[in-house]
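Quick note: the sequence shown, position 60, residue 60 per my numbering, numbers continuous.
Ideal Cβ placement from N, Cα and C applies to all residues, glycine included.
From a predicted model like this one, the values you see are computed outputs, not experimental measurements.
As structure tokens, the structure follows; a few thoughts come after it.
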Amino acid sequence: KEQTYIMVKPDGVMRSIVGEIIKRFETKGYKLVALKMAVPSREHLEKHYEDLNGRPFFAGLINYMASGPVVCMVWEGRNVVLEGRKMLGATKPSESALGTIRGDFCIDVGRNVCHGSDAVESAQKEIALWFPEGLCEYEKPTVSWVYEN
Ligand code: GTP
Ligand code: MG
């Protein structure tokens with residue numbers, strides 16, 4: 001079963017967009033299998049964003065992400081990594097379509113309210129990094145109302 005790591009960034013928490021982001025994934029039909037709040041350490045964030053180390057915006061990105069609490073989630077469902085990225089919208093809000101989370105709720109790339117894993121492999125790494133305690137296993141009785149097969 002495909003899973004992705006979705007995180008509401010500190011600006012999303014401060015601006016009260018947490019419920020809206022959860023609502024979009026929930027009402028789409030995805031299954032929530034992990035959820036918590038945390039104020040991440042800089043070391044943890046540097047691991048999460050290790051691929052971007054050396055980019056000119058890296059220090060600002062770590063400062064931004066360490067500036068307050070984040071909401072960490074794992075969502076499960078068919079093609080949820082790619083579809084979740086579509087729901088978030090393009091990295092730069094100026095390029096995000098209206099109707100996407102970033103297109104609807106933000107203006108600046110350095111304050112783009114949410115994170116989503118960019119591939120199945122990075123999703124697995126990010127889930128292990130943010131949820132070493134593991135995920136919540138349960139069956140949803142509505143599964144046949146979301147999927148034909
Ligand atoms: P995430 O879901 O947060 O990983 O975003 P992404 O996958 O759409 O973009 P990427 O992984 O390339 O960049 C990670 C984050 O760094 C972005 O979401 C932005 O918050 C920030 N970022 C990326 N590019 C820029 C930039 O050019 N300037 C600034 N200030 N921030 C950037
Ligand atoms: Mg990324």
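Residue pairing from DSSP places Q3 in a beta bridge opposite E76.
Between the stretch 64-76 and the stretch 27-47 there are three or more C-beta pairs closer than 8 Å, enough to call the two in contact. Near the ligand MG, residues with a Cβ at less than 7 Å from any of the ligand's heavy atoms are H115, D118; the list follows chain order. The beta carbons of V113 and D51 sit no closer together than 7 Å. Scanning the stretch 80-116 from its first residue to its last, the whole alpha helix (DSSP H) runs of 4-plus residues come out as 80-88, 101-105. Secondary structure at A119: coil, using DSSP grouped into helix, strand and coil.
Residue pairing for M37: DSSP places it in a beta bridge opposite V71. DSSP links K31 through a beta bridge to E76. Remark: C-beta atoms of G110 and R85 do not approach each other more closely than 7 Å.
Here G19 is exposed. Its C-beta has fewer than 16 other C-beta atoms within 10 Å. For V120, the Cβ stays outside the 6 Å cut-off from all heavy atoms of the ligand GTP. For the 7 Å CB-CB criterion, V81 and V120 form a contact. Taking N79 as the centre and dropping the five residues before and after it, the same chain places the C-beta of E2 closer than 7 Å to its C-beta, in chain order.
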